[in-house]
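A.B. asks: Below: one structure in structure tokens.
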Amino acid sequence: MEFKLATPDLEAERIGNTGTPGIWHFDSGLPGRTLMVSALLHGNELCGGWALKDLLATGLRPRRGQLILAFCNLDAFASFDPSHCDASRFVQEDMNRVWSAPRLDEPATADARRAAQLRPWVERADWLLDLHSMHEPGAPLLLTGILPRNIALARSLKSPAHIIVDAGHKDGVRMRDFAQFGDAAREDACALLIECGFHGDLSSHRVARDLVARMLAASGVVDREDIPPEWLLPDPAPRKVIQVTDAVVAPSMDVRFAQPWQGLETLAHAGTVLGYADGKPFVTPYDRCTLVMPSLRQLKPGVTVMRLARDLSDDAAAP
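First residue of the sequence shown: 52, per the working numbering; consecutive thereafter.
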């Protein structure tokens, strides 16, 4: 796969304005939400870095509430090489699997220590948009977690076409599920994670910027008229809400797919062979099973290599 997206120059942006490297904070002085937009939680996912760089360049500031912009895994990003784009995903471990209080209280790796630096900013946010891109080419996906308030927010943004309702990963907690964002009682705290397409696609930058614009307007920290109009992409139609029911987790390095799955395939019949792990087949558990983000590029024991999901519109249409 060709890597077409240029590497952003973040020498100025990595300084921040808060005393925490890579963190920018703007306070309107008026009541309102605190919106945090995070990028580069994985050092090879450049689209978010570009979107935040663009946002800072506009000079846009909140009219109400507060705005936090976070360039997260700067050490991993510093080693980015487009010819080996997976190598700079993290320094020692995936920074998007360390977001639990015990891991952050006693961080044992460079990535966890950086997450602990970011923790106070995450904890003060009311809304979070976490910008990501994908190992493989695919349509953008908006991941909500399982709380109804996040699903409602995702619907209200009107883009992208696919909303993914999922519970996360067995190998650790994501930032978007940390603290207030995983608390069912905190109706005021919403978090979304956008997968903007393949890491190296030029379109990933446009998708990231579009979702930043939509989240800024929805949060109320700015007026829609404040946002550069060219940032907004056309609303897709129709949209789908897809509920993840199962995750295929690698038991070892002996995992292969039965076909070169691209993602969002809907397979008609239960029992369809998807691949093999330790020589044993794994299959679709039900009819009309949709595959979400299949990839072996980060294969190691404990890593999710594929998610299996139901299209909720199918359920709605069923008699």
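Even for Gly, the Cβ is constructed at its ideal location relative to N, Cα and C.
What first and last residue would you give for the beta strand (DSSP E) that runs through glycine 326?
C.D. replies: Counting from 1 along the sequence shown, the entry for residue 326 is found at position 275. Note, glycine 326: beta strand (DSSP E), 324 to 328.
A.B. asks: Under 8 Å, with one C-beta from each stretch per pair, do the stretch 309 to 318 and the stretch 266 to 285 reach the 3-pair mark?
C.D. replies: Segments in contact, no.
A.B. asks: Could you give the distance in angstroms between the alpha-carbon of leucine 56 and the alpha-carbon of aspartate 252?
C.D. replies: Taking the first residue of the sequence shown as position 1, residue 56 is located at position 5. Taking the first residue of the sequence shown as position 1, residue 252 is located at position 201. Computed Cα separation, rounded: 6 Å.
A.B. asks: Please name the residue, chosen from Lys221, Leu347 and Ile293, that lies closest to methionine 304 on a Cα-to-Cα basis.
C.D. replies: Start at 1 with the first residue of the sequence shown, and residue 304 comes out as number 253. Checking every option, the nearest Cα to that of methionine 304 belongs to Leu347.
A.B. asks: Suppose contacts are defined by Cβ-Cβ distances below 8 Å. Is alanine 301 in contact with glycine 223 by that definition?
C.D. replies: In the sequence shown, counting from the first residue as 1, residue 301 sits at position 250. In the sequence shown, counting from the first residue as 1, residue 223 sits at position 172. In this structure, glycine 223 does not lie closer than 8 Å to alanine 301 by Cβ.
A.B. asks: For the pair the stretch 162 to 179 and the stretch 325 to 333, tell me if three or more CB-CB distances fall below 8 Å.
C.D. replies: No, the stretch 162 to 179 does not touch the stretch 325 to 333.
A.B. asks: Could you tell me which of Ile278, Leu350, Asp297 and Met226 sits nearest to serine 151, measuring between CA atoms?
C.D. replies: Position 100 of the sequence shown, counted from the first residue, corresponds to residue 151. Answer by Cα proximity: Met226.
A.B. asks: Near leucine 125, what residues of its chain come up, given a Cβ to Cβ distance below 6 Å and the 5 sequence neighbours on each side ignored?
C.D. replies: Walking along the sequence shown from the start, residue 125 turns up at place 74. Excluding sequence neighbours, leucine 125 sits near Arg65 and Gly73.
A.B. asks: DSSP three-state call for phenylalanine 77: helix, strand or coil?
C.D. replies: Numbered from its first residue, the sequence shown carries residue 77 at position 26. Looking at phenylalanine 77 - three-state DSSP - the assignment turns out to be strand.
A.B. asks: Which runs of the alpha helix (DSSP H), 4 residues or longer, sit entirely within the stretch 231 to 304?
C.D. replies: 253 to 270, all fully within the stretch 231 to 304.
A.B. asks: Measure how close the beta-carbons of asparagine 201 and cysteine 241 come, nearest whole angstrom, since I'm counting them as under 8 Å.
C.D. replies: What you label residue 201 is simply residue 150 of the sequence shown in a count that begins at 1. What you label residue 241 is simply residue 190 of the sequence shown in a count that begins at 1. Correct: roughly 6 Å between the Cβ atoms.
A.B. asks: Which full runs of the beta strand (DSSP E) of 3+ residues lie inside the stretch 105 to 177, going along the chain?
C.D. replies: List check, beta strand (DSSP E) in window: 117 to 122.
A.B. asks: Do you know offhand how far alanine 298's Cα is from isoleucine 215's?
C.D. replies: Position 247 of the sequence shown, counted from the start, is the residue given in the question as residue 298. Position 164 of the sequence shown, counted from the start, is the residue given in the question as residue 215. C-alpha separation (whole angstroms): 13 Å.
A.B. asks: Let me confirm a value: histidine 320 is counted as buried when at least 16 other C-beta atoms fall within 10 Å, else exposed. Which label applies?
C.D. replies: Indexing the sequence shown from 1 puts residue 320 at position 269. The residue in question, histidine 320, is exposed, as its Cβ has fewer than 16 Cβ neighbours within 10 Å.
A.B. asks: Tell me the rounded alpha-carbon separation between leucine 243 and histidine 93.
C.D. replies: For the purposes of this step, residue 243 is taken as residue 192 along the sequence shown, with counting starting at 1. For the purposes of this step, residue 93 is taken as residue 42 along the sequence shown, with counting starting at 1. Approximately 16 Å, taken between the alpha carbons.
A.B. asks: Can you check which of these residues, Arg112, Leu363, Ala218 and Gln231, is closest to valine 272 by C-alpha distance?
C.D. replies: Mapped onto the sequence shown, residue 272 falls at position 221. The candidate whose alpha carbon is nearest that of valine 272 is Arg112.
A.B. asks: Within 10 angstroms of the Cβ of lysine 331, are there 16 or more other Cβ atoms? Answer buried if so, exposed if not.
C.D. replies: For this step, residue 331 is matched to residue 280 along the sequence shown. That one is exposed.
A.B. asks: Which of the three DSSP states, helix, strand or coil, is assigned to valine 356?
C.D. replies: Reading the sequence shown from its first residue, position 305 is the one you call residue 356. In this structure, valine 356 counts as strand in the three-state DSSP scheme.
A.B. asks: For serine 139 and asparagine 147, I'd like the C-alpha separation in whole angstroms.
C.D. replies: Along the sequence shown, one-based indexing puts residue 139 at 88. Along the sequence shown, one-based indexing puts residue 147 at 96. Distance between the alpha carbons of serine 139 and asparagine 147 is about 14 Å.
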